[in-house]
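Participant: Okay, so the sequence shown: first residue is 44 according to our numbering, each after it adds one. My questions will all concern the structure given below.
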Amino acid sequence: MSAQINNREDSSTSLPSQLRAHASPSASLALSAETLSLAERVKIAKEAAQFDEKSRRAVIERLPDAKNENQNALDLDFIKDICKVIHIDDPVEVYRHECSAKIRPLKVAFSSTRIRDSFIQQFAKGLEEVRLSAPLKPRCRRDMTLSELRLLRSLRKQVYDANIAAGRVVCYLNDLSVIKVRNGRSFVVSSSAEPGAPSPTPVTASAQAADDAVPMSP
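Here it is, written out as structure tokens:
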């Protein structure tokens, strides 16, 4: 009797092995490919959503940041004043990017990319008519991915070094493009430079100076 029981147990135990032995290798490959394909689709969908959100956001650097309970209201009033001057719709959201920087970047979300682009292009003009006390002139750019931010920091350093070497402005940044100029003004680095945007990579003193001092598009 015990021999019969053992035989039945052996048969039961070996069944999964028998099934695996007869399973088609292509089935496992197909399952892996399907799982990989799904993961890639999810990743692409997330990235697409992120790009869509960023396409409607502007980022203001070097805007004074008291980091108190009144800062949000001050930021919103400032942005609304700029929008009023340049005649565009108010943003749908205004908030400081949480990071360890002394001056947190201000993110401004609009209802469309077109309005966002108009805000960036006319920000300097609006700033001239809005009263603001700041050690450094705030600047505005589009919201970028981490890889774009790394490139931006590298380009800022290149532009800074070129202008320092020439003693005058020989080039400036327009988004992620370096624009060369002739007969540029004298290039002087302010001693009151403050950090502009959080860096995704370690920052040296010279790189930070470049980040603060490099001219952006007029």
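Note that the Cβ used here is the ideal one computed from N, Cα and C, for glycine as well.
Compare the Cα-Cα distances from residue 114 to each of 138, 129, 142, 128 and report the closest residue.
Facilitator: Counting from one through the sequence shown, the residue named residue 114 turns up at place 71. With distances taken between Cα atoms, residue 114 lies closest to 138.
Participant: Are three or more beta carbon pairs between the segment 113-131 and the segment 170-182 nearer than 8 Å?
Facilitator: Touching, per the Cβ criterion.
Participant: Alpha carbon to alpha carbon, how far is residue 191 from residue 223? Give it in angstroms, no decimals.
Facilitator: Position 180 of the sequence shown, counted from the first residue, corresponds to residue 223. Position 148 of the sequence shown, counted from the first residue, corresponds to residue 191. Answer to the nearest angstrom: the Cα atoms are 21 Å apart.
Participant: Among 104, 135, 89, 180, which one has its Cα closest to the Cα of residue 144?
Facilitator: Numbered from its first residue, the sequence shown carries residue 144 at position 101. Measuring from the Cα of residue 144, the nearest candidate turns out to be 104.
Participant: If you drop the 5 nearest sequence neighbours on each side, which residues of the same chain put their C-beta closer than 8 Å to that of residue 221?
Facilitator: On the sequence shown, position 178 is the one that residue 221 refers to. Closer than 8 Å at the Cβ level, and outside the excluded window around residue 221, lie 198, 201, 202, 214, 215.
Participant: Give the DSSP-derived three-state secondary structure of residue 89 in the structure shown.
Facilitator: Along the sequence shown, read from residue 1 onward, the residue named residue 89 stands at position 46. Three-state result, residue 89: helix.
Participant: Does the Cβ of residue 170 have 16 or more other Cβ atoms within 10 Å, making it buried, or fewer, making it exposed?
Facilitator: As a first step, residue 170 must be located in the sequence shown, where it is residue number 127. Classification for residue 170: buried.
Participant: Quick one: using the 10 Å Cβ neighbour count with 16 as the cut-off for buried, is residue 147 buried or exposed?
Facilitator: Within the sequence shown, numbered from 1, the residue matching residue 147 stands at position 104. It is buried - the Cβ of residue 147 has at least 16 other Cβ atoms within 10 Å.
Participant: If you drop the 5 nearest sequence neighbours on each side, which residues of the same chain put their C-beta closer than 6 Å to that of residue 10?
Facilitator: Because residue 10 is not part of the residues shown, which for the chain are 44 to 261, the question remains open.
Participant: To the nearest angstrom, how far is it from the Cα of residue 135 to the Cα of residue 158?
Facilitator: For this step, residue 135 is matched to residue 92 along the sequence shown. For this step, residue 158 is matched to residue 115 along the sequence shown. Approximately 11 Å, taken between the alpha carbons.
Participant: Compute the beta-carbon to beta-carbon distance between residue 153 and residue 166, rounded to the nearest angstrom, for a pair I have assumed lies under 8 Å.
Facilitator: For the purposes of this step, residue 153 is identified with residue 110 of the sequence shown, where counting begins at 1. For the purposes of this step, residue 166 is identified with residue 123 of the sequence shown, where counting begins at 1. About 12 Å separates the two Cβ atoms, so there is no contact after all.
Participant: Could you tell me which residues DSSP pairs with residue 223 in its beta bridges?
Facilitator: The residue you call residue 223 lines up with position 180 of the sequence shown. Answer is 214.
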